[in-house]
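Visitor: Submitted below is the structure of interest, expressed as structure tokens.
2 protein chains.
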Amino acid sequence: MAALKYSRQRESIKNYLCSREDHPTADMVYTDIRREFPNISLGTVYRNLSLLVETGEIRKITMDGADRFDAKTTPHHHFTCRKCGCVLDVMAPVENLAETVDEAWEYGDVEGCRIEFYGICSRCKKILNEA
Amino acid sequence: MAALKYSRQRESIKNYLCSREDHPTADMVYTDIRREFPNISLGTVYRNLSLLVETGEIRKITMDGADRFDAKTTPHHHFTCRKCGCVLDVMAPVENLAETVDEAWEYGDVEGCRIEFYGICSRCKKILNEA
DNA sequence: AGATATTTTTGTAATTAATATAAATAGATA
DNA sequence: TATCTATTTATATTAATTACAAAAATATCT
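Chains as they are written, first to last, in the working numbering: chain D, 1 to 131; chain G, 132 to 262.
This is how it looks when you write it as structure tokens:
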């Protein structure tokens, strides 16, 4: 496996992701990073996002539509608003769920789990109530 | 909203899904259903899968790669093998997780959640141990 | 620093998954 | 049967992502 070589683009992508709380898509990263690197290619963004996921520096969130990326490394889950589609962090105490299921379930070794909550975010709820 | 009209293709897609335990993708459904309807269009498969999801007769499982579909309506979750990619059912007692989080989390109304477990399935584990 | 080796980027093309559309067909209703 | 409306088919299109080759950037060695 070839050694990972430094690149300014990758560093910038990482920093950009760390500065955001809203789990951007590859395309959002591309749009914003272009201010610093006007010639950056979308392929470069995808490639570096994949690399960062591989090294464990960021996480990929797969859901309806485009994948999203998250630089928060502390264990947590996500909430998606079914109205506006925003994605918020959920720091819920669900630590040992995978472990519990691993003990009870006999068709394989459960190593972890992803939990995606859904519903209505506060902002959409407010708008609905006002209408 | 227009009334739903019977179609042989939709019935066949539903029956096919009910006969399987492995959560096929739209393309797998298309390939197999062609034996009965050689001229069926992939668009028809997608459209009917969406309709069946809307009526609640089947569920859509969004994950890495193509969406998968599941005719089992009893509440359960899924396990994906990170080696072979197979998807298995997990009948785990996680009933009130969404409810619990809804009470503790203040940025919106949590209506439900999807849980995706991952790890190594028994079959892949066996193969790895033999090698 | 200069030369060399290897990775990364860029620009573009290709692929995959899914949706859209319009004419033809099938199902429902009177 | 006649008519109305939904569905299918065939095809085109969009969206998300990956692949590739030449050029540029980074790391290593002397």
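All C-beta atoms in this analysis are idealised placements derived from N, C-alpha and C, irrespective of residue type, glycine included.
(1) By a C-beta neighbour count over all protein chains shown, 10 Å radius and 16 as the cutoff for buried, is D70/D buried or exposed?
(2) Please classify C84/D: is it buried, with 16 or more other beta-carbons within 10 angstroms of its beta-carbon, or exposed?
(3) Going by the CB atoms, is the gap between G250/G and G56/D shorter than 8 Å?
(4) Compute the Euclidean distance between the alpha carbons of V221/G and L88/D, then round it to the nearest angstrom.
(5) Expressed to the nearest angstrom, what Euclidean distance is found between the alpha-carbon atoms of T204/G and S181/G?
(6) Looking at C-beta atoms only, is the number of pairs between the segment 152–170 of chain G and the segment 187–198 of chain G that lie closer than 8 Å three or more?
(7) Using the C-alpha atoms, what's the distance from I13/D back to V29/D?
(8) Do I40/D and Q9/D have their C-beta atoms within less than 8 Å of each other?
(9) For the alpha helix (DSSP H) that contains R10/D, what are its first and last residues?
(10) Between E103/D, H78/D, W105/D, which has its C-alpha nearest A92/D's C-alpha?
(11) Since I believe M63/D is in contact with E21/D (beta carbons under 8 Å), could you give me their beta-carbon distance rounded to a whole number of angstroms?
Guide: Put simply:
(1) buried
(2) exposed
(3) G250/G is positioned such that its CB atom lies no closer than 8 Å to that of G56/D.
(4) 26 Å
(5) 15 Å
(6) yes
(7) 7 Å
(8) yes
(9) 8–18
(10) H78/D
(11) Rounded, the Cβ-Cβ distance is 17 Å, inconsistent with contact.
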